[in-house]
Amino acid sequence: QVRLRESGGGLVQPGESLRLSCAVSASFSAFADMGWYRQAPGKQREMVATITERGSTNYAESVKGRFTISIDNAKNTVSLQMSALKPEDTAVYYCNARQLMDGETNFWGQGTQVTVPS
108 QVRLRESGGG LVQPGESLRL SCAVSASFSA FADMGWYRQA PGKQREMVAT ITERGSTNYA
168 ESVKGRFTIS IDNAKNTVSL QMSALKPEDT AVYYCNARQL MDGETNFWGQ GTQVTVPS
């Protein structure tokens, strides 16, 4: 069973930065891509950023230019560097690993809270 464990959430002021990390129990070569998603209260979970093993990235429009996703293959970690944080970034952030083998399987971490007060 694949396990993902997020860390790095917290309370920050608008304009500040925060870095989230996700430790993965399997090699990245097992996945089509990995990413970060978030879910704010009363809203659906949404994609924030994804990255392939080769480093191809995709970002939500709302975070382009402010967030950077990266992977460390040696440590099996995927990170999300967030800067210029806004109150609307407040959400629970989830790490995701997507596997395409006999269909699509998504693995999720337990989530980490990021709060940016207005």
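All you need for the working numbering is the position in the sequence shown, starting with 1, plus 107.
Where is the CB? At the ideal position from N, CA and C, for every residue including glycine.
Cβ neighbour criterion (16 or more within 10 Å) applied to residue i
i	result
Arg161	exposed
Ala204	buried
Met208	exposed
Gly210	exposed
Glu113	buried
Gly227	This structure cannot settle anything about residue 227, because the visible part of the chain is limited to 108 through 225.
Leu111	buried
Chain-order list of residues whose beta-carbon lies under 7 Å from that of residue i (same chain, five-residue window excluded)
i	result
Trp150	What sits at residue 150 in the sequence shown is Lys, not Trp. Closer than 7 Å at the Cβ level, and outside the excluded window around Lys150, lies no residue.
Lys193	Pro121, Val223
Cutoff 6 Å; reference residue i; Cβ partners in own chain excluding five residues on either side
i	result
Arg152	Tyr144, Gln146
Asp196	Val223
Val185	Cys129, Met141, Ile178
Close Cβ partners of residue i (< 8 Å) along its chain, the five nearest in sequence each way excluded
i	result
Ser136	Glu160
Cβ of residue i within 7 Å of any chain C Cβ
i	result
Gly142	Note that chain C does not occur in the displayed structure, where there is just one protein chain.
Contact belief for residue i with residue j at Cβ below 8 Å, rounded distance in angstroms
i	j	result
Val199	Thr219	7 Å
Ranges of the beta strand (DSSP E) found wholly within the region 143 to 186, counting only runs of at least 3:
Entirely contained in the region 143 to 186, the beta strand (DSSP E) runs reaching 3 residues are, in chain order, 153 to 158, 164 to 166, 174 to 179.
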